[in-house]
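Here UniProt numbering is used: the first residue of the sequence shown is 1, the next is one more, and so on.
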Amino acid sequence: NGLLYTGGEDRNITAWDIKSGKAAYCIEEAHAARVKGIVVLSDEATGDDEPYLVASASSDGTIRAWDVRMAATEKPNPLAECKTQSRLTCLTGSCLKYCKLNILNP
1 NGLLYTGGED RNITAWDIKS GKAAYCIEEA HAARVKGIVV LSDEATGDDE PYLVASASSD
61 GTIRAWDVRM AATEKPNPLA ECKTQSRLTC LTGSCLKYCK LNILNP
């Protein structure tokens, strides 16, 4: 989609337009501490050519999922958050997969 995502000491997630070299949009104060990792998640189930889900990890110990379509118009809230109680240093991922879980009650 022509965007490159960065994060850093400023706690922001910035999407850069590769062609122009300018910031397309920014999620300001995405975390309470520096952003240490970003993953753009593709959706194999829908075959969407324009990925819009981004996950970020921070040294504040949180992993957050964002719908970046909202970032261009307003300050988005994370779709999901996981508090790891750890000082994160990186994040990796690839795609979303849907599965049905059968949960057994003891």
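We put the beta carbon where it would ideally sit given N, CA and C, even for glycine.
Just to confirm before moving on: does the CB-CB distance between residue i and residue j stay below 8 angstroms?
i     : j     : result
Ala65 : Ala55 : yes
Please return the same chain residues whose Cβ sits closer than 6 angstroms to the Cβ of residue i, not counting the five positions on each side in sequence.
i     : result
Ala32 : Asp60
Glu28 : Asn12
Would you please state the rounded distance, in angstroms, between the beta carbons of residue i and residue j? I believe it to be under 8 angstroms.
i     : j     : result
Pro78 : Asn1  : Rounded, the Cβ-Cβ distance is 20 angstroms, inconsistent with contact.
Gly7  : Ile13 : 5 angstroms
Compare the C-alpha of residue i against each of the options and name the closest.
i     : options                       : result
Gln85 : Asp67, Ser58, Gly8 and Lys75  : Ser58
Leu4  : Asp10, Ala15 and Tyr25        : Ala15
Cys26 : Thr62, Arg87, Glu74 and Leu41 : Glu74
So that I know if they touch, is there some Cβ in chain D lying closer than 8 angstroms to that of residue i?
i     : result
Ala72 : Looking at the structure shown, chain D is missing, and only one protein chain is on hand.
Beta-carbon within less than 8 angstroms of residue i's beta-carbon, same chain only, minus the 5 sequence neighbours each way: which residues are those?
i     : result
Ile18 : Gly2, Leu3 and Leu4
Glu9  : Arg34
Leu53 : Val40, Leu41, Asp43, Ala65, Trp66, Asp67, Val68, Leu79 and Leu96
Ala23 : Thr14, Ala15, Trp16 and Asp17
Ile63 : Ala55, Ser56, Ala57, Glu81, Cys82, Thr84, Leu88 and Leu91
Counting C-beta neighbours from all protein chains within 10 Å, is the total for residue i 16 or more, i.e. buried, or is it exposed?
i     : result
Ala30 : buried
Arg69 : exposed
Cβ of residue i within 7 angstroms of any heavy atom in the ligand GTP?
i     : result
Lys19 : You won't find the ligand GTP in this model; it holds no ligand whatsoever.
Skipping 5 residues on each side, what residues in its chain have a beta carbon closer than 7 angstroms to that of residue i?
i     : result
Pro76 : Ile27, Trp66, Asp67 and Met70
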